[in-house]
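Chains as they are written, first to last, in my numbering: chain A, 20 to 428; chain B, 819 to 1052. Each remark here refers to the structure printed beneath this line.
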Amino acid sequence: MISITSIINIALRALRANAMRSFLAILGIIIGVGAVVTMIAIGSGASEKISKQISSIGSNLILVLPGATTQGGIRMGHGTQQTLTMADAEAIGRECSAVMAVAPAITGTAQVVFGNQNWATAIIGTTPEMVTVREWELLWGRFINEQDVRSGTKVAVIGQTVAEKLFGEVDPLGKIIRIKKIPFEVIGVLDKKGQSLTGQDQDDIIYVPITTAQRTLFGQTLPGRVRLIYVKASSLESIPQATEQIRTLLRQRHRIGPNQEDDFTVMDLTQMLKAAEESTKTMSILLGAIASVSLLVGGIGIMNIMLVSVTERTREIGIRMAVGAKPKDIRMQFLIESVFLTTIGGVFGLLLGIGASLAVSSLMDWPVSISLFSAIIAFGFSAFVGVFFGFYPAYKASNLNPIEALRYE
Amino acid sequence: MSLIELENIVKVYKFGEFEIRVLDNITVKIEKGEFVCIMGPSGSGKSTFMNIIGCLDTPTSGKYYLDGVDVSTFSLDQLAEIRNKKIGFVFQQFNLLPRATALENVELPLIYAGISAKKRKELALHILSKVGLSDRANHYPRQLSGGQQQRVAIARALVNSPSIILADEPTGNLDSKSSLEIMEIFKKLNEEQGFTTIIVTHEPDIAAFGKRQIRFLDGKIVCDSKVCPVDEKL
């Protein structure tokens, strides 16, 4: 039995003898693998961006919005009717088993002033659970607590954007800001979340206790009514169950008959983002598939070169057969040559792909993600291309008649 | 038991509707240690005869016993193994690998015999010294004269200690001086080490080295004796 190192040596020697040709054949594979790696990096970069957004809005988030009023057949938008109450929020937290946390909110926009700076931002009155529901991290200070909500203290927790616009370099903690001319003490600063899927700045926000918002900021709101309710389901799988429980509960509480429409809307944000994530994944598979075509073309190049090589070396094959090479030895020799070509191409293609991905990411500001997985795929795929496209030439070589091969000029 | 026994060997080539009987019912025995020269005009069947003895080809019908084993029905792999272990070929065109050194060319059969690199080098160097080319081991074929190339080829044929050396017009591409040198090597190998040697040749003075001559014509053996009469027509 001929040793594998001998066969590898024979193959390497043959490739070295035709360095230029070998290089050109490898180039096709380099480009193919490079394209696949780059496309996968771009695609998975996009889906990672969306995954980050999912976690930034808070995972397993469900929004409960008040229903739309219908006036003379004209349906108005969400919130034209204030149907949700603090009691609804409490009931959801108490009675829905698939719900982990609930935070009601009253929202509005107001001008905020600190010293000679002012800024218009979203003011949200809420309860301490908001931290859990939206998965906020606090950079400094603390969030609103039960005590604040009970007594309606004038305290505010501000987002990064607000902190930047109003305070600049100044430490905001303990400072007094004026919201609608009413003084609030800054008790905490939230960590950065960045843009939401729709491009909204999630850090342009101020949280105040819900009771304070009701009584002093947005006085027009009916007492006990809330603008919307944030709900966190206990897991991704329990979102549909939580949604159903909330619907059933609110229909009961709002005394809605079997044939009547809901006077509220339950929105599953996670599900929407998951759908977006799915479509990016599809896009990334599509990109990879298109790039694979170039790898296929590279493979055909390898096959072409190997066929030429077999023809050129017909006499060599004859000599080897005459001194005792079995057909399978010859086949192995040519297969190893082609696998070697494509694996070398795979390695350099991977490097090219990484380089191209980094270039795309820095030039076009597109998030890319190069995973070990895509590297393994690229490498394995290129070896496979070598076997696949090398097999026919190798088979052809091994099938030569030694007598004719020896006579070949 | 003879080393080589051919019984009613027939080889037919088909070209469309035509059939050419290249070997027509050949029966011949060659004993161990013989030195046989095969003669005959082009197309007489001597090359096909050599190919069958060398296990490069199989007969259409008939039996071929090599060392008492019927190899006429062997598979391609089995034939390759026989060629590797029992046959050493020497060709008119030398047929060395151009991109391999003399040493590497001699090592070639040992690679397919699965012998370790160290052992291969040892054996190959030993054989090269026997053909007087120790100092040329690392030369490439193009750096060697015709006679030297043919000696490398002979070393390659010998390296795996075969039972038979088959040489197809080994002096056809050589000048007369080199031809004689090469024939002297064959003679010495036969006489001193008892290698069974079969040489195909056109030239009567080369054939004169043989202790037995077999002459082919139209696929048949027309003469098989110590010395066949020289046919002026050829």
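Using N, Cα and C, we set each Cβ at its ideal position, and we do this for glycine too. None of the values given here were measured: they were computed from a predicted structure.
With 16 other Cβ atoms within 10 Å as the buried cut-off, status of GLU852/B: Burial state of GLU852/B is buried, judged by a 10 Å Cβ sphere holding 16 or more other Cβ atoms.
Given a limit of 8 Å on CB to CB distance, which residues of the region 890-903 of chain B reach chain A? Along the region 890-903 of chain B, going in chain order, the ones with a CB nearer than 8 Å to a CB of chain A are LEU894, ASP895, ALA898, GLU899, ARG901, ASN902 and LYS903.
Going by Cα to Cα distance, which pick from SER390/A, PHE403/A and SER376/A is closest to GLY53/A? Nearest Cα to GLY53/A within the set SER390/A, PHE403/A and SER376/A: SER376/A.
Which residues, in order along the region 919-938 of chain B, keep a beta-carbon less than 8 Å from a beta-carbon of chain A? Within the region 919-938 of chain B, the residues whose Cβ lies closer than 8 Å to some Cβ of chain A are LEU926, PRO927, ILE929, TYR930, ALA931, GLY932, SER934 and ALA935, listed in chain order.
Does ARG917/B get closer than 7 Å to chain A when you measure Cβ to Cβ? Residue-level contact by beta carbon holds for ARG917/B and chain A, with a gap shorter than 7 Å.
So the beta strand (DSSP E) PRO495/A belongs to, where does it begin and stop? Since the first residue of chain A shown is 20 and the last is 428, residue 495/A is not available in this structure.
Just curious, the alpha helix (DSSP H) that ARG266/A is in, first and last residue? The continuous alpha helix (DSSP H) containing ARG266/A extends over residues 258-272.
Report yes if the C-beta distance between VAL1018/B and MET868/B is below 7 Å; otherwise report no. Annotated as proximal: VAL1018/B and MET868/B, with beta-carbon spacing under 7 Å.
Under 7 Å, Cβ to Cβ, is there at least one residue of chain B near ALA30/A? Residue-level contact check: ALA30/A does not touch chain B, since none of the beta carbons of chain B fall below 7 Å from its beta carbon.
Over what stretch of residues does the alpha helix (DSSP H) that includes GLY112/A continue unbroken? Residues 105-114.
Does any residue of chain B have a CB that is nearer than 7 Å to the CB of SER12/A? Within the shown structure, residues of chain A are numbered from 20 to 428, placing residue 12/A beyond reach of any answer.
With DSSP run on the structure shown, which of helix, strand or coil describes MET383/A? Annotated three-state conformation of MET383/A is coil, per DSSP.
When the Cα of TYR414/A is compared with those of GLY318/A, ASP281/A, THR361/A and MET325/A, which residue comes out closest? It is MET325/A whose Cα lies nearest to the Cα of TYR414/A.
Taking the beta carbon of PRO1047/B as the centre, do at least 16 other beta carbons fall within 10 Å, making it buried, or is it exposed? Around the C-beta of PRO1047/B, fewer than 16 other C-beta atoms lie within 10 Å, and the residue is accordingly described as exposed.
Taking just the CA atoms, how far does ILE304/A sit from THR104/A? Looking at the two C-alpha atoms, the distance is approximately 46 Å.
For chain A, check one thing: does any of its Cβ atoms lie closer than 7 Å to the Cβ of LEU962/B? For LEU962/B, the nearest beta carbon of chain A is not closer than 7 Å to its own beta carbon.
With THR57/A as the anchor, note down where its alpha helix (DSSP H) starts and where it stops. If you look at THR57/A, you'll find it in the alpha helix (DSSP H) that goes 38-76.
Please confirm if ASP888/B has its CB atom under 7 Å from at least one CB of chain A. With 7 Å as the cut-off, ASP888/B does not count as an interface residue toward chain A.
Going by DSSP, what residue range makes up the alpha helix (DSSP H) through MET1001/B? For MET1001/B, the uninterrupted alpha helix (DSSP H) segment begins and ends at 994-1011.
Name the chain A residues whose beta carbon is nearer than 7 Å to that of LEU874/B? What LEU874/B touches in chain A: ALA341, PRO421 and ILE422.
Report yes or no: is there a C-beta of chain B within less than 7 Å of the C-beta of LYS415/A? Not a single C-beta of chain B is nearer than 7 Å to the C-beta of LYS415/A.
Does any residue of chain A bring its CB to less than 7 Å from the CB of ASN956/B? Put simply, the CB of ASN956/B is far from chain A, with every gap to its CB atoms at 7 Å or more.
LYS68/A CB to nearest chain B CB: under 7 Å? Chain B, which has no Cβ nearer than 7 Å to the Cβ of LYS68/A, makes this no.
Distance between SER979/B and LEU1007/B (C-alpha atoms, nearest Å): Computed Cα separation, rounded: 11 Å.
With DSSP collapsed to three states, give me the class of SER1043/B. Residue state, collapsed to three classes: strand.
Would you say GLU296/A reaches chain B, if we count a Cβ-Cβ gap shorter than 7 Å as a contact? By the rule that beta-carbons nearer than 7 Å mark a contact, GLU296/A does not touch chain B.
Pairwise C-alpha distance: GLU940/B and GLY965/B: Here the alpha carbons of GLU940/B and GLY965/B stand approximately 23 Å from one another.
Whose C-alpha, out of ASP282/A, ILE26/A and VAL132/A, is nearest the C-alpha of LYS184/A? Considering only alpha carbons, the answer is VAL132/A.
So which residues of chain A does ASN826/B contact, with C-beta pairs closer than 8 Å? Neighbours of ASN826/B on chain A: none; closest Cβ ~22 Å, over 8 Å.
Applying a beta-carbon distance threshold of less than 8 Å, which residues of chain A neighbour PHE907/B? What PHE907/B touches in chain A: ALA341 and VAL342.
Measure from the C-beta of ASN913/B to each C-beta in chain A and report whether the shortest distance is under 7 Å. Closer than 7 Å to some Cβ of chain A, the Cβ of ASN913/B qualifies, so yes.
So, using beta-carbon positions, are ARG350/A and SER417/A closer together than 7 Å? Yes, the pair counts as a contact, with Cβ atoms nearer than the cut-off.
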